[in-house]
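Peer 1: Residue numbers for the sequence shown follow our numbering, so the first one is 0 and each next one is one higher. Virtual Cβ for every residue (Gly too), placed ideally from N, Cα, C. Please read through the structure below; I'll follow up with questions.
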Amino acid sequence: MSQDTPILEQCLFSDEFERKHYHLSVIRESAAEFGGVRNPKQILGSFLLSAQGGVGAKGGFVFLTGEDNYLFCRGIDKIEDEYIKKLINKASDHILNKSENFPFFLDLSIVKNTIQPLAPALLLVSPIEDGRLAFLGLTDSLHGRDYDSDDRELLIIIASLFQISLNSAIFSTKVELLNSQLQKKNIELDRQVFHLNALRELSLAIGEAHSVDNVLSSFLPTLLGRFSRHQGIVVIYDRATGIIDAKSMGIGQGSQINAILNDHLQVDRLLFLSLAGVQNKHIQPLQVEPIIELESLSSFIKEFVPETGFLFLIKEQMYGVLLLGTPLEERKLSEQEQELLFASVSQSVLHIKNADSFATIVALNENLEQQNEELRKTIDELINAQNRINVLEAAARRIANIVNRNADKIMKVRPLDFVLIIGISVILGLLFNFQSPRGIPIMPIPRPEVVKIISVDDAKILIEKDKAFLIDARPREFYEIRHAKGAVSLSPSLFDSIYPMNFENEDPERPIIIYGRSFSRLYDEDIARKFFNRDHERLYLIEDNIEQIYQRLEISEVKK
Numbered sequence: 000m001s002q003d004t005p006i007l008e009q010c011l012f013s014d015e016f017e018r019k020h021y022h023l024s025v026i027r028e029s030a031a032e033f034g035g036v037r038n039p040k041q042i043l044g045s046f047l048l049s050a051q052g053g054v055g056a057k058g059g060f061v062f063l064t065g066e067d068n069y070l071f072c073r074g075i076d077k078i079e080d081e082y083i084k085k086l087i088n089k090a091s092d093h094i095l096n097k098s099e100n101f102p103f104f105l106d107l108s109i110v111k112n113t114i115q116p117l118a119p120a121l122l123l124v125s126p127i128e129d130g131r132l133a134f135l136g137l138t139d140s141l142h143g144r145d146y147d148s149d150d151r152e153l154l155i156i157i158a159s160l161f162q163i164s165l166n167s168a169i170f171s172t173k174v175e176l177l178n179s180q181l182q183k184k185n186i187e188l189d190r191q192v193f194h195l196n197a198l199r200e201l202s203l204a205i206g207e208a209h210s211v212d213n214v215l216s217s218f219l220p221t222l223l224g225r226f227s228r229h230q231g232i233v234v235i236y237d238r239a240t241g242i243i244d245a246k247s248m249g250i251g252q253g254s255q256i257n258a259i260l261n262d263h264l265q266v267d268r269l270l271f272l273s274l275a276g277v278q279n280k281h282i283q284p285l286q287v288e289p290i291i292e293l294e295s296l297s298s299f300i301k302e303f304v305p306e307t308g309f310l311f312l313i314k315e316q317m318y319g320v321l322l323l324g325t326p327l328e329e330r331k332l333s334e335q336e337q338e339l340l341f342a343s344v345s346q347s348v349l350h351i352k353n354a355d356s357f358a359t360i361v362a363l364n365e366n367l368e369q370q371n372e373e374l375r376k377t378i379d380e381l382i383n384a385q386n387r388i389n390v391l392e393a394a395a396r397r398i399a400n401i402v403n404r405n406a407d408k409i410m411k412v413r414p415l416d417f418v419l420i421i422g423i424s425v426i427l428g429l430l431f432n433f434q435s436p437r438g439i440p441i442m443p444i445p446r447p448e449v450v451k452i453i454s455v456d457d458a459k460i461l462i463e464k465d466k467a468f469l470i471d472a473r474p475r476e477f478y479e480i481r482h483a484k485g486a487v488s489l490s491p492s493l494f495d496s497i498y499p500m501n502f503e504n505e506d507p508e509r510p511i512i513i514y515g516r517s518f519s520r521l522y523d524e525d526i527a528r529k530f531f532n533r534d535h536e537r538l539y540l541i542e543d544n545i546e547q548i549y550q551r552l553e554i555s556e557v558k559k
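In structure tokens form, the structure reads like this:
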């Protein structure tokens, strides 16, 4: 039983990692497919294929409201329009009351008995910037299981990519339409046509960038060239991670401007002054606000006087500032040019958001690969340790055979014989203890002061009131024989591989109660020490013996 348990755990870990890897592959493929499409119909079809294939749904449909009323179905009979109208009328009031900007799942009880021929298992709503709504309905899974939180999270990510792509496609379609209309006007509108072409070229140039730095490298030079400016600054600051991405052109010495834009205090000051100059202080994600009052920013950087500025929010805690200097020509931008400049900045914000999302996906993939590599190394180390232990056990058996064959020579006992036997036994015991992953420390390790000893009754109070974790620190084979009800198995040998998956995102202030020790090994203190090293300070050990713990906390899963 002790040999089969690690193999089962490896299979469970492999299935979970393969599923995560598959979800990331679906996200990457969806992002690549959405990024190259500008037709809303094609985007809707790709959205349905990605969502249905990602979670393994038997069938589904996607519907976009508006004048066109696009509807696609796969794996199910085509739904009649009257059922769709009933769904829209039933869900509209609820969706408008929520006023969501991002994809969300609709409670199926709201549209209960509305779509009788379909009976969807999930219904996802994606608001579009032009006021329309995209509905994604999926039937039951091909695997015959309910959709879990991982499936819902995957669908939300795919829907977000779809929402961004469709918004970009709609916006690009509008820009191309506006461009075709401007080309039909007289020569006085040539400048606006020039800027529209610049907007399209900017979209194509930065649409292929996969990092925020690459987007800014294409964004700022194109914007300065198309709007006849020789000085400009763009700064992206993620306050959650402390990462600053900044570009500047045409401003004095590079070392001075770089020192300012790489200083967190200076960038905070720049954001504060920019926020003070906008009219709307409550900026939403992907929203761009022009900076009306620029006087306070005139002295921020030497030899740079901003003439136009924008403040925008990429996502929560990720702000951006764009400042442009005076134009090369002595004239002000017309109203149409100002609108085109605003549209250029707005579209670039979408691309920056896409690049940041792509970087996040790449980082998650790299982290998953690193965890797989660490798990493989841990398994190899355990196998090597087991091999060394087998060698030592074989040596001990050979020594025992030699002792048995020469037992008749030990009839005359000498003090030196006792010394040799005791010395060999001590050496073998120390070697065996040193090579074993479950070896006993020679010198006792003091328990951290934050680890407190409590009774079983106090432990029950913490579990009921503070939702404390109950940890069984013994090896897995003892846990499977008998353990306290509600306890989670976490042995010291597997702590480093299990902790990042199950406890990394848990609140470090949440109480953790640990039990489990033997006459030769203090498993509970080992686990408490490892949690303490991970910044958990509310740690408790149960002072009662294991039988009293079972009597007070009940027994679960007794195996014979």
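Where DSSP assigns a beta bridge to Arg228, which residues make up the other side?
Peer 2: Taking the first residue of the sequence shown as 1, we reach residue 228 at position 229. DSSP output for Arg228 lists Pro326 as bridge partner(s).
Peer 1: Note down, in chain order, each residue of its chain lying with its Cβ closer than 6 Å to the Cβ of Asp534, except the 5 sequence neighbours on either side.
Peer 2: Taking the sequence shown and counting its residues from 1, the one referred to as residue 534 is at position 535. Answer for Asp534: Pro507, listed in chain order.
Peer 1: Should the segment 354-372 be called in touch with the segment 334-346, which here means at least 3 C-beta pairs below 8 Å?
Peer 2: Output reads no: the segment 334-346 does not touch the segment 354-372.
Peer 1: In chain order, what residues of the same chain have a beta carbon less than 7 Å from the beta carbon of Phe16, not counting five sequence neighbours either side?
Peer 2: To locate residue 16, count along the sequence shown from 1; it is residue 17. If we look at Phe16 and ignore the five residues flanking it on each side, its Cβ neighbours are Leu367 and Asn371.
Peer 1: Answer yes or no: does any C-beta atom of chain B fall closer than 8 Å to that of Arg528?
Peer 2: Of the protein chains in the structure, only one exists, and it is not chain B.
Peer 1: When you compare only the Cα positions, how much space is there between Leu219 and Val320?
Peer 2: On the sequence shown, position 220 is the one that residue 219 refers to. On the sequence shown, position 321 is the one that residue 320 refers to. Cα-Cα distance, rounded: 12 Å.
Peer 1: Within the continuous beta strand (DSSP E) that includes Ile470, where are the two ends?
Peer 2: The residue given as residue 470 occupies position 471 in the sequence shown. Start and end: Phe468 to Asp471.
Peer 1: Buried or exposed: Ser517, going by 16 or more other Cβ atoms within 10 Å of its Cβ?
Peer 2: Here residue 517 is taken as the residue at index 518 of the sequence shown, counted from 1. Under this definition Ser517 is an exposed residue.
Peer 1: Taking C-alpha atoms, which residue in Gly65, Tyr69 and Ile157 lies nearest to Phe104?
Peer 2: As a working note, residue 104 is residue 105 in the sequence shown. Phe104 has its Cα closest to that of Ile157, out of Gly65, Tyr69 and Ile157.
Peer 1: Considering Cα atoms alone, identify which of Asp14, Ala30, Phe161 and Ala56 is closest to Pro39.
Peer 2: Here residue 39 refers to the residue found at position 40 of the sequence shown. Nearest option by C-alpha distance: Phe161.
Peer 1: Specify the secondary structure class of Pro119 as computed by DSSP and reduced to three states.
Peer 2: Within the sequence shown, the letter at position 120 stands for residue 119. Three-state DSSP puts Pro119 in coil, outside helix and strand.
Peer 1: In chain order, what residues of the same chain have a beta carbon less than 6 Å from the beta carbon of Glu187, not counting five sequence neighbours either side?
Peer 2: Counting from 1 along the sequence shown, the entry for residue 187 is found at position 188. Reliability fails at Glu187, whose pLDDT of 48 lies under 50, so the model's placement of it is uncertain and no value is given.
Peer 1: Give a yes or no on whether the C-beta atoms belonging to Gly276 and Ile290 are separated by under 8 Å.
Peer 2: To locate residue 276, count along the sequence shown from 1; it is residue 277. To locate residue 290, count along the sequence shown from 1; it is residue 291. The answer is yes: Cβ separation under 8 Å.
Peer 1: Note the first and the last residue of the continuous alpha helix (DSSP H) segment covering Gly44.
Peer 2: Reading the sequence shown from its first residue, position 45 is the one you call residue 44. Per DSSP, Gly44 belongs to the alpha helix (DSSP H) from Pro39 to Val54.
Peer 1: Inspect the beta-carbon positions of Ala486 and Ile470 and report whether they are closer than 8 Å.
Peer 2: Along the sequence shown, one-based indexing puts residue 486 at 487. Along the sequence shown, one-based indexing puts residue 470 at 471. It is a contact, given that the beta carbons lie within the stated cut-off.
Peer 1: First and last residue of the alpha helix (DSSP H) that includes Val450?
Peer 2: Residue mapping note: residue 450 aligns to position 451 of the sequence shown, counting from 1. Not the alpha helix (DSSP H): Val450 falls in the beta strand (DSSP E), residues Val450 to Ile453.
Peer 1: Please classify Met500 as buried or exposed, where buried requires at least 16 other C-beta atoms within 10 Å of its C-beta.
Peer 2: Residue numbering aside, residue 500 sits at position 501 when the sequence shown is read from its first letter. Exposed, since its Cβ has fewer than 16 Cβ neighbours within 10 Å.
Peer 1: Taking the continuous alpha helix (DSSP H) assigned at Phe71, which residues delimit it?
Peer 2: One-based indexing of the sequence shown puts residue 71 at position 72. Careful: Phe71 lies outside any alpha helix (DSSP H), inside the beta strand (DSSP E) at Tyr69 to Arg73.
Peer 1: Hey, Ile541 and Ile512 are a contact pair by Cβ (cut 8 Å); roughly how many whole angstroms apart?
Peer 2: The residue labelled residue 541 in the question sits at position 542 within the sequence shown. The residue labelled residue 512 in the question sits at position 513 within the sequence shown. Contact flag correct, Cβ pair sits at about 7 Å.
Peer 1: My output table needs one value for Asp14: the three-state DSSP class, helix, strand or coil.
Peer 2: Here residue 14 corresponds to residue number 15 of the sequence shown, with the count starting at 1. Here Asp14 sits in helix by DSSP.
Peer 1: Tell me the DSSP secondary structure of Glu508 in three-state form.
Peer 2: Along the sequence shown, read from residue 1 onward, the residue named residue 508 stands at position 509. Residue state, collapsed to three classes: coil.
Peer 1: Less than 8 Å between the C-beta atoms of Gln286 and Leu312, yes or no?
Peer 2: One-based indexing of the sequence shown puts residue 286 at position 287. One-based indexing of the sequence shown puts residue 312 at position 313. Yes. Within cutoff.
Peer 1: For Ser490, count neighbouring Cβ atoms within 10 angstroms of its own Cβ and tell me buried if that reaches 16, exposed if not.
Peer 2: Sequence index remark: in the sequence shown, residue 490 carries index 491 (1-based). By the neighbour-count rule (16 or more Cβ atoms within 10 Å), Ser490 is buried.
Peer 1: Just to confirm, are Val211 and Val234 a CB contact at a threshold of 8 Å?
Peer 2: Here the question's residue 211 lines up with position 212 in the sequence shown. Here the question's residue 234 lines up with position 235 in the sequence shown. Result no, Cβ atoms of Val211 and Val234 do not sit closer than 8 Å.
Peer 1: To the nearest angstrom, report how far apart Met248 and Asn213 are at their CA atoms.
Peer 2: Counting from 1 along the sequence shown, the entry for residue 248 is found at position 249. Counting from 1 along the sequence shown, the entry for residue 213 is found at position 214. Cα-Cα distance, rounded: 15 Å.
Peer 1: At what residues does the alpha helix (DSSP H) containing Gly276 begin and finish?
Peer 2: Here the question's residue 276 lines up with position 277 in the sequence shown. Per DSSP, Gly276 belongs to the alpha helix (DSSP H) from His263 to Gly276.
Peer 1: By a C-beta neighbour count over all protein chains shown, 10 Å radius and 16 as the cutoff for buried, is Asn353 buried or exposed?
Peer 2: Counting from 1 along the sequence shown, the entry for residue 353 is found at position 354. By the neighbour-count rule (16 or more Cβ atoms within 10 Å), Asn353 is buried.
Peer 1: Go through the segment 329-405 residue by residue and report every complete run of the beta strand (DSSP E) that reaches 3 residues or more, in order.
Peer 2: Counting whole runs of 3 or more residues, the segment 329-405 contains no beta strand (DSSP E) stretch at all.
Peer 1: Per DSSP, what kind of secondary structure is Gln316 in: helix, strand or coil?
Peer 2: The count along the sequence shown starts at 1 and reaches residue 316 at position 317. It is coil, neither helix nor strand.
Peer 1: Once the 5 residues before and after Phe530 are set aside, which same chain residues still bring their CB inside 7 Å of it?
Peer 2: Against the sequence shown, residue 530 aligns to sequence position 531. Same-chain partners within the cutoff: Ile511 and Leu538.
Peer 1: May I ask you to report which of helix, strand or coil DSSP gives Ile186?
Peer 2: Taking the first residue of the sequence shown as 1, we reach residue 186 at position 187. Residue confidence is low: Ile186 scores 46 on pLDDT, short of 50, so the model does not pin down where it sits. No coordinate-derived value is stated.
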